[in-house]
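Peer 1: For reference, the structure I am asking about is given below.
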Amino acid sequence: MNGFIIIEKSNKEIKDSSLECIYLANKISDNVIGITDIKDEEILKDLPVDIFIIIDDINNIYSYRNHLRNYKKNFFLLSDTLASKKISSRISKIFNIPVISNVIDLSLKKSNFYCRASNFNNNIISDIEVNRESCIFIIKKYIINSTTIENRNTDFIYLKPENLNTSKVKVLEKREISNDVPLSEAKVVVSAGRGLKSSENWQMIEELAKLLNGATACSKPVSDLGWRPHSEHVGQTGVKISPELYIAIGISGAIQHIAGVNTSKKILVINIDAEAPFFKNADFGIIGDAFEIIPILIKYLRK
Ligand SMILES: Cc1cc2nc3c(=O)[nH]c(=O)nc-3n(C[C@H](O)[C@H](O)[C@H](O)COP(=O)(O)OP(=O)(O)OC[C@H]3O[C@@H](n4cnc5c(N)ncnc54)[C@H](O)[C@@H]3O)c2cc1C
């Protein structure tokens with residue numbers, strides 16, 4: 007059985023979400039194949055992957071279909087990132103196989119896959135048996151524990167596209183988002199809402215995020231007001247994240263906000279109002295004024 011993974015990087019490092027897929031693939035497959043458009047072998051060589059298939063542009067994966075179809079008995083593990091989700095439909099078309107998203111656990115017994123998926127903002131957990139040879143699984147972030155796996159002799163296969171005219175969409179430019187730690191990859195997210203009163207007050211939010219090696223986020227009204235960029239807005243209509251720790255400062259906890267963050271491992275809420283609904287979803291809560299509490303946290307962390 008070939009376990010395929012799509013390998014993505016951010017800031018010259020392999021994304022944690024790709025690493026998790028590699029660990030999982032190694033657990034259930036004897037041949038792990040990474041498909042990537044990262045051409046730097048130095049970044050790739052220490053990963054526990056048997057074969058790297060290196061292509062020019064991962065978005066153009068459909069152009070490599072004839073080569074990929076040579077592999078039989080495959081399954082695909084894709085991270086829960088925007089890029090991978092886009093690619094999943096193309097892989098599905100190449101192999102004519104289904105996609106199961108929001109997977110939180112996966113195993114293989116005999117030739118059947120058993121997977122557990124979390125849907126509707128973690129409100130419904132389904133156990134699914136997949137009795138077909140091939141399938142694409144989109145794996146939720148931060149659910150697979152990393153393990154040390156021995157390196158092996160890896161083959162690098164460089165492919166040229168079979169047909170350049172398969173896509174009607176041309177990517178003109180790619181720009182990385184300014185956050186030092188990308189929001190969707192961050193293990194700690196420091197997020198703030200309208201309780202912060204104005205954009206100038208985000209200096210302390212940025213500093214706190216930096217001290218925790220995390221990313222900043224915000225509620226929807228904050229980005230609508232132009233205090234923060236839309237790429238930081240989390241929730242039902244924004245980015246959905248699952249960090250290890252989500253710190254919500256001056257955010258009331260409306261259901262539409264919670265929908266984007268309730269799969270975080272731990273939630274700390276800081277709010278002046280003891281009745282704020284967010285406290286019902288919190289693992290830890292501090293009732294108090296953000297303008298007093300955040301400087302104390304910063305002072306403590308600086309030490
Ligand atoms: C269809 C739809 C989709 C939506 N999608 C989203 C979404 O994706 N994401 C999202 O965030 N919202 C979304 N919303 C909006 C959502 O309903 C809420 O209006 C919004 O989340 C509230 O933002 P907030 O908590 O920042 O502001 P507020 O509701 O105004 O809350 C501010 C909070 O700050 C606290 N506070 C005030 N001063 C201080 C202080 N000094 N220190 C500490 N705390 C303080 C207050 O007690 C209050 O709890 C959506 C709404 C709709 C209708």
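Residues 7 to 309 in this note's numbering are what the sequence shown lists, from first letter to last. All C-beta atoms in this analysis are idealised placements derived from N, C-alpha and C, irrespective of residue type, glycine included.
#1: Cβ of Ala-31 versus every heavy atom of ligand 1: is any distance shorter than 8 Å?
#2: Starting from the C-beta of His-236, find all residues in its chain whose C-beta is less than 6 Å away, skip the five residues before and the five after it, and write them out in chain order.
#3: Tell whether a beta-carbon distance below 9 Å holds between Ile-273 and Ile-253.
#4: Quick check on DSSP: helix, strand or coil for Ala-215?
#5: Are there any heavy atoms of ligand 1 lying less than 8 Å away from the beta-carbon of Ser-23, as far as the coordinates show?
#6: Are the region 82 to 90 and the region 119 to 134 touching, with three or more C-beta to C-beta distances below 8 Å?
#7: To the nearest angstrom, report how far apart Phe-119 and Thr-42 are at their CA atoms.
#8: Would you tell me roughly how many angstroms separate the C-alpha atoms of Val-136 and Cys-121, rounded to the nearest one?
#9: Is Ala-282 near ligand 1, judged by its Cβ being under 8 Å from some heavy atom?
#10: Consider the C-beta atom of Thr-243 and the heavy atoms of ligand 1; say whether any pair is separated by less than 8 Å.
#11: Among Asp-52, Gly-199, Ile-131, which has the Cα closest to the Cα of Ala-260?
#12: CA-CA distance, Glu-206 and Leu-251?
#13: Rounded to whole angstroms, what's the CA-CA distance from Ser-270 to Cys-224? Just pull it up for me.
#14: Would you mind sorting Pro-249 into buried or exposed? The rule is 16 or more other CB atoms within 10 Å of its CB.
#15: I'd like the span of the alpha helix (DSSP H) that includes Leu-25, first residue to last.
#16: If you drop the 5 nearest sequence neighbours on each side, which residues of the same chain put their C-beta closer than 6 Å to that of Ile-131?
#17: Between the Cα of Ile-103 and those of Pro-167, Phe-284, Ile-142, Val-196, spot the shortest distance and give me the residue it belongs to.
#18: Would you grab the beta carbon distance between Val-195 and Ile-211 for me? Rounded to a whole angstrom, and I think it's under 8 Å.
#19: So, with DSSP's three-state summary, where would you put Arg-234?
#20: Does Lys-51 come out as helix, strand or coil in the three-state DSSP assignment?
Peer 2: This is what the structure gives:
#1: Working through the sequence shown from its first residue, we reach residue 31 at position 25. No - ligand 1 has no heavy atom lying nearer than 8 Å to the Cβ of Ala-31.
#2: Looking up residue 236 in the sequence shown gives position 230. So the list reads Ser-229, once near-sequence residues are dropped.
#3: As a first step, residue 273 is located in the sequence shown; it is residue number 267 there, counting from the start. As a first step, residue 253 is located in the sequence shown; it is residue number 247 there, counting from the start. For Ile-273 and Ile-253, yes; Cβs fall inside 9 Å.
#4: Numbered from 1 along the sequence shown, position 209 holds the residue referred to as residue 215. The answer is helix: DSSP assigns Ala-215 an H, G or I state.
#5: By 1-based counting over the sequence shown, the position of residue 23 is 17. Ser-23 Cβ: outside cutoff for every heavy atom of ligand 1.
#6: Because the criterion of three Cβ pairs below 8 Å is not met, the region 82 to 90 and the region 119 to 134 do not touch.
#7: Taking the first residue of the sequence shown as 1, we reach residue 119 at position 113. Taking the first residue of the sequence shown as 1, we reach residue 42 at position 36. For Phe-119 and Thr-42, the distance between alpha carbons rounds to 25 Å.
#8: Counting from one through the sequence shown, the residue named residue 136 turns up at place 130. Counting from one through the sequence shown, the residue named residue 121 turns up at place 115. Taking the straight line from one Cα to the other gives about 8 Å.
#9: Along the sequence shown, one-based indexing puts residue 282 at 276. Distance from the C-beta of Ala-282 to the nearest heavy atom of ligand 1 is below 8 Å.
#10: What you label residue 243 is simply residue 237 of the sequence shown in a count that begins at 1. At least one heavy atom of ligand 1 is nearer than 8 Å to the Cβ of Thr-243, so yes.
#11: Locating residue 260 in the sequence shown gives position 254, counting from the first residue. The residue with the shortest Cα to Cα distance from Ala-260 is Gly-199.
#12: Start at 1 with the first residue of the sequence shown, and residue 206 comes out as number 200. Start at 1 with the first residue of the sequence shown, and residue 251 comes out as number 245. C-alpha separation (whole angstroms): 24 Å.
#13: One-based indexing of the sequence shown puts residue 270 at position 264. One-based indexing of the sequence shown puts residue 224 at position 218. Each residue's Cα considered, the two are about 15 Å apart.
#14: Along the sequence shown, read from residue 1 onward, the residue named residue 249 stands at position 243. It is buried - the Cβ of Pro-249 has at least 16 other Cβ atoms within 10 Å.
#15: On the sequence shown, position 19 is the one that residue 25 refers to. Taken as a continuous stretch (DSSP letters only), the alpha helix (DSSP H) holding Leu-25 covers 22 to 34.
#16: What you label residue 131 is simply residue 125 of the sequence shown in a count that begins at 1. Around Ile-131: Ser-124.
#17: Translated into the one-based positions of the sequence shown, residue 103 becomes position 97. Ile-103 has its Cα closest to that of Ile-142, out of Pro-167, Phe-284, Ile-142, Val-196.
#18: As a working note, residue 195 is residue 189 in the sequence shown. As a working note, residue 211 is residue 205 in the sequence shown. The Cβ separation is near 11 Å, so there is no contact.
#19: Against the sequence shown, residue 234 aligns to sequence position 228. In the structure shown, Arg-234 sits in coil (DSSP, three-state: anything other than H, G, I, E or B).
#20: Counting from one through the sequence shown, the residue named residue 51 turns up at place 45. In this structure, Lys-51 counts as coil in the three-state DSSP scheme.
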